[in-house]
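Colleague: Residue numbers (my numbering), protein chains in the order written: chain G, 144 to 583; chain W, 252 to 759.
Can you read through this structure? Questions will come right after.
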Amino acid sequence: MSNFIDRRLNPKGKSLANRQRFIRRARAEIKEAVQKSLKDRTVSDFAKDQKISIPTKSTKEPRFRHDPGAGGEHDRVLPGNKDFVEGDQIKKPRQGEGQGRGKDAASGGEFEDDFTFTLSQDEILDIFFEDLELPNLIKTSLKEIKTYNWRRAGFTTAGSPNQINLVRTMRNSFGRRLAMRRPKESEVEPLRQRLLELKCGAAPDADKREEIEELEEEIARLEHKRRWVPFLDPVDVRYNAFEQQPIPTSQAVMFCLMDVSGSMGEREKDLAKRFFMLLHLFLKRRYERLDIVFIRHTHDAQEVDEHTFFYSRQSGGTIVSTALEEMKKIVAERYATGEWNIYAAQASDGYTQTGDASRCVDLLNQDIMPVCQYYAYIEILDEREMEVFSSEESGAELWRAYRTVAKQWANFATKRIAKPQDIFPVFRELFSKEAAEATT
Amino acid sequence: MSVAPTKRSGEPLFTSAEWDFALLKKVYGAIEEIAVNDLQLDTYPNQIEIISSEQMLDAYSAHGMPLMYHHWSFGKIFAREETMYQKGWSGLAYEIVINANPCIAYLMEENTMTMQALVMAHACFGHNHFFKNNYLFKQWTNAEAILDYLAFAKKYVSAAEEKYGADQVEQLLDSAHAIMEQGVFRYRRPPRPSRAQREERLRRRQQYEEESFNDIWRTLPNTARDMNADEQSTDEEEFIGPQTLMNLPEENLIYFLEKHSPTLRNWQREILRIVRNVAQYFYPQIQTKVMNEGCATFVHHYIMNALYDKGLITEGSILEFLHSHSSVVFQPGYDDSRYYGINPYALGFAMMDDIKRMSEKPTEEDRDWFPEIAGKGNWRDVLKHAWANYRDESFIQQFLSPKVMRDLKLFAVRDKSEDPVYTVAAIHNELGYRRLRTTLARLYDLATHQPDIQVVGANLAGDRTLTLRHNRYRGIPLAPASRDAVLKHIRKLWGYDVVLDEPEETED
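Here it is, written out as structure tokens:
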């Protein structure tokens, strides 16, 4: 006897609940492992599923186990004998020389291997951005564009016929009929039968005539009542109601500004790129719609596509303010501030034409900062410079100029980066929850 | 292969790798015909479920059971298996089969038709027959009730999570899992209440809790309320009595704690019982790995060859079958990088196939060693008898033949911890056969690798210290780190101090 069942369409992911419990359990270790693995990883590929190893500390499941190395004697039986004969002696590997990883070793000794498994992209990003917060998110999200969605909103007495809710309607009808004591068909029918019987039967005598009259009267009364209390009355009818519900669609635009003049080498660009990518991923998780505008500049600025932004070279001087002008123009043309959250990240090596810095400060103070949610300035130095400028206060002209802006605007941040390893800590610092609270 | 060349007269049931349900049924019919009429197997009705690879991964994580309570450790297994599979380090099993009535077998949709046939023969007849007939399964597991029970367990655990918090339940399960191996009855089986009784008891417990809840007690000092609760809950079943009443020594730690722990609440006792029942359910499977897999492998091998002999499957199919069969029964040598212990499929199949060989084409040696089998042609009866009445240890002790030992080139090594060398104790020769066989059989006795730990005392009159004793097997001590971790768990369940004696000398 057999019974075949096709289960392929059944929901999969039955283990999800267990998996989440596992990840919650090992949260601390997973977090550490993720951040360690991200340090040396290129930003462009970290958003994929990835394998991580965690120590088995919090997910260990202890059992009573024998420890054959510590005392007593035991036997093993092994297959595949080649040249052993009875009585042969085999030297034991010394402690630490590494035992074979056979079954016996695994069951006997206490191996503490790292536990390796794959985290999905979402899980990684969750952990990665766990305690980061966007500064000033609330401010303009109230002003954002609204779209609408139809939503059920109970029942109404008026509507179009295709929205009649039969269950509700019939329930009302039934209640009304009960309350008004509408005679049922089954009550009238026997009377009619009886009447028919009497009429068709032998010639009626007085008694019967009386009964016939009574019956006719009763039937007429009942039928009148049945007409008077209709089966379905317009007051019974209910319609499904829908109403429009505004959905706030959050949208943001991210401006990436970068100096591409000769002084920005591959290394600097790479560091900038990593920072931009990180910011992009982060914003992407917060906003349904995210535009990116790439503006590169030397002594003048233009909007370019991503590839050109990162990879093509251009020679010329360095005038930072041109990029800010370009950004201001684009904001005015395309991104009305009421509808967009505007973020900007600027990467530079800190050099600009003498005197340009003050123009930048003016532009920022008057035009850009009032419309920006957040502006992050990343100065990319080499490690030698990093040591020279160890204090926040000292720096090149642009840095000092920007520091004055930062003092005025809470949502303006400046940071310095010299190594790939700096990026994530700096990023965290910029967006950490406390910082977010401080600025709001 | 010792297949007599017969006329392959039949029309092949299938010629391509594709399958559909009509074809599965047809092939199942042909397999059943051989299994029932030729091999005379006796099985539960089969319920065959086709699942996708994702679902197979899901099924892996909870001991292969379709229903299981939630716990992070299952998620851990799942995460590992998923990674292994995605990286291509390991394939998925072709099937999972569950000891239930009806017997549930999962078949993967990716299998070719030949593989589906193999898997049906393997799971739906091999394993199924073994589940239904082996004495251990008959005695210890309840195939009718297991799925119902797991459904109950799952519901109970998630209700407890809701009521008492997921963390509390998780900690309790962690502790219970730590002593799961010591949570089975090895020699006796407690009288099992029927499902109705079980539910009745549960209802009574809940009712008691609800009834005894009186908001006014909150305002009284704690002791009054506790005393009151104690008084009422001491029916015979949960009676914490003097030692003699606790039936010491007790080998089933979970059972002991469930019944006698002074600190556990009723719902915690119920969850311990669930873990204990799950452990007990799987206990026979651990003891019969070689036999169970051997039985299933022997059956599929026989049936597939019989199908081929009848002309019901093509030469292409039988070659595909032989390819996967030979990789299933492959046994790498001890010095091979693929070696991971003795392959139960290989050993079980080799022994059972050898019984068939001895019964049909015996050698002189076989007549000496197995006079009751050699040349008698009764392999069907011998195998059925073995499948029904042996477990791995006794089966090997009884039926491992010199030829199998020679084929596998088995040798025994003795490891005395104080010696600087291992000694080869016996090899596959005239001198060593018997000792080799006994040694191997011993290794399949669970007592040799699961530590024997018993409750020997509980000082209820004094400080309520619980005393456990580890009876060393041949002087082997416990690994200290895991021992201490497990003891911590037991302390949590007992609520008071727990000590473990590990006397050097034990009677063996």
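C-beta: ideal position from N, C-alpha, C; glycine also.
Is DSSP giving G/I148 helix, strand or coil here?
Modeller: Reduced to three states, the DSSP call for G/I148 is strand.
Colleague: Cα-Cα, which of W/L387, W/Y415, W/L275 and W/L424 is closest to W/Q531?
Modeller: Closest by alpha carbon: W/L387.
Colleague: Take W/P671 as the anchor and find which of G/Y518, G/K194, G/K179 and G/A213 has the nearest alpha-carbon.
Modeller: The shortest C-alpha separation from W/P671 is found at G/A213.
Colleague: Identify every residue that forms a DSSP beta bridge with G/Y382.
Modeller: According to DSSP, which records beta bridges pairwise, G/Y382 is partnered with G/T299 and G/I307.
Colleague: Determine the burial state of W/N379: buried for a count of at least 16 other Cβ atoms within 10 Å of its Cβ, exposed for fewer.
Modeller: So W/N379 counts as buried.
Colleague: Only counting runs of 4 or more residues, tell me where the alpha helix (DSSP H) segments fall wholly within the stretch 348-397 of chain W, in order along the chain.
Modeller: Listed in chain order, they are 364-370, 379-384 and 386-391.
Colleague: Taking the CB atoms as reference points, tell me whether W/L504 and W/Q433 lie closer together than 7 Å.
Modeller: Closer than 7 Å, so yes.
Colleague: Which residues mark the beginning and the end of the beta strand (DSSP E) in which G/V548 is found?
Modeller: Where G/V548 is concerned, there is no enclosing beta strand (DSSP E), although the alpha helix (DSSP H) it sits in stretches over E540 to Q551.
Colleague: What does the Cβ neighbour count give for W/M364, buried or exposed, with the cut at 16 atoms within 10 Å?
Modeller: Buried is the call here.
Colleague: Give me, in chain order, the residues of the same chain whose beta-carbon lies closer than 6 Å to that of W/I349; leave out the 5 immediate sequence neighbours on both sides.
Modeller: Once the five neighbours on either side are set aside, the close Cβ partners of W/I349 are I355.
Colleague: Between the C-alpha atoms of W/I606 and G/F165, what's the straight-line distance to the nearest angstrom?
Modeller: C-alpha separation (whole angstroms): 47 Å.
Colleague: Compute the beta-carbon to beta-carbon distance between W/L687 and W/H679, rounded to the nearest angstrom, for a pair I have assumed lies under 8 Å.
Modeller: At roughly 7 Å, the Cβ-Cβ gap stays under 8 Å, so W/L687 and W/H679 are in contact.
Colleague: Which residues share a DSSP beta bridge with W/F329?
Modeller: Bridge partners of W/F329: none, in fact.
Colleague: Check each candidate in W/I727, W/L634 and W/R742 and name the one with the smallest Cα separation from W/L290.
Modeller: Nearest of W/I727, W/L634 and W/R742 to W/L290, Cα basis: W/L634.
Colleague: Going by C-alpha to C-alpha distance, which of G/A345, G/F374, G/T497 and G/T461 sits closest to G/A322?
Modeller: Closest by alpha carbon: G/F374.
Colleague: On the three-pair Cβ rule with 8 Å, is the stretch 509-517 of chain W touching the stretch 736-747 of chain W?
Modeller: Yes, the stretch 509-517 of chain W touches the stretch 736-747 of chain W.
Colleague: Round the Cβ separation of G/T312 and G/V380 to the nearest angstrom and send it over; I've been treating them as touching at under 8 Å.
Modeller: At roughly 5 Å, the Cβ-Cβ gap stays under 8 Å, so G/T312 and G/V380 are in contact.
Colleague: Which residues of the stretch 694-708 of chain W have a Cβ closer than 9 Å to any Cβ of chain G? Give them in chain order.
Modeller: Per Cβ criterion, the list reads L694, T699, H700, Q701, P702 and I704.
Colleague: I'd like to confirm the pairing. Which residues does DSSP put opposite W/P705 in its beta bridges?
Modeller: It should be pointed out that residue 705 of chain W corresponds to Gln in this sequence rather than to Pro. DSSP, once it has assigned bridges, lists W/R720 as partnering W/Q705.
Colleague: Tell me the rounded alpha-carbon separation between W/F214 and W/W630.
Modeller: Because chain W spans 252 through 759 in this model, residue 214 of chain W falls outside it and cannot be assessed.
Colleague: Could you please give the first and the last residue of the uninterrupted beta strand (DSSP E) stretch that includes G/Q445?
Modeller: G/Q445 -> beta strand (DSSP E) spans A444 to V447.
Colleague: Give me the Cβ distance between W/A709 and W/L717, rounded to the nearest whole Å; I'm assuming they're in contact under 8 Å.
Modeller: Going by Cβ atoms, the distance from W/A709 to W/L717 rounds to 5 Å, so yes, they are a contact pair.
Colleague: Hey, would you say G/Y478 sits closer than 7 Å to G/M397, going by beta carbons?
Modeller: Against a cut-off of 7 Å, the Cβ pair of G/M397 and G/Y478 comes out as no contact.
Colleague: Evaluate G/P568 with the Cβ neighbour count: other Cβ atoms within 10 Å of its Cβ, from every protein chain shown; 16 or more gives buried, anything less gives exposed.
Modeller: The residue is exposed, with fewer than 16 neighbouring Cβ atoms inside 10 Å.
Colleague: To the nearest angstrom, how far is the alpha carbon of W/R552 from that of W/E346?
Modeller: First, the residue type needs correcting, since residue 552 of chain W is His and not Arg in the sequence shown. Roughly 16 Å separates the two Cα atoms.
Colleague: Using a C-beta to C-beta distance shorter than 9 Å, which residues of chain G count as neighbours of W/Q582?
Modeller: Neighbours of W/Q582 on chain G, chain order: P222 and G223.
Colleague: Ignoring anything shorter than 3 residues or poking outside the stretch 450-507 of chain G, list the beta strand (DSSP E) runs there in chain order.
Modeller: For the stretch 450-507 of chain G, whole beta strand (DSSP E) runs of length 3 or above, ordered along the chain, are 484-491.
Colleague: With a cut-off of 7 Å, does the C-beta of G/N146 fall near any C-beta of chain W?
Modeller: Closer than 7 Å to some Cβ of chain W, the Cβ of G/N146 qualifies, so yes.
Colleague: Just to confirm the assignment: which complete alpha helix (DSSP H) runs, minimum length 4, are found wholly within the stretch 514-565 of chain W?
Modeller: You should have 517-538 and 540-560.
Colleague: DSSP on W/Q433, reduced to helix/strand/coil?
Modeller: If DSSP states are grouped into helix, strand and coil, W/Q433 belongs with coil.
Colleague: Looking at the secondary structure, which residues open and close the alpha helix (DSSP H) in which G/C399 lies?
Modeller: Run containing G/C399: none in the alpha helix (DSSP H); it sits in the beta strand (DSSP E), Q394 to D402.
Colleague: Quick check: the Cα distance between W/E544 and W/G562, rounded to an integer number of angstroms?
Modeller: For W/E544 and W/G562, the distance between alpha carbons rounds to 27 Å.
Colleague: With H, G and I counted as helix, E and B as strand and the rest as coil, what does DSSP make of G/E522?
Modeller: It is a strand residue.
Colleague: Using beta-carbon positions only, say whether W/Y509 and W/L523 come within less than 7 Å of one another.
Modeller: According to the sequence provided, residue 509 of chain W is Glu. The question's Tyr does not apply to it. Yes, the pair counts as a contact, with Cβ atoms nearer than the cut-off.
Colleague: Note down the Cα distance separating W/G326 from G/L433, rounded to an integer number of angstroms.
Modeller: Distance between the alpha carbons of W/G326 and G/L433 is about 35 Å.
Colleague: Could you pull the start and end residues of the beta strand (DSSP E) that W/Y596 belongs to?
Modeller: Note, W/Y596: premise wrong, no beta strand (DSSP E); alpha helix (DSSP H) at P595 to E611.
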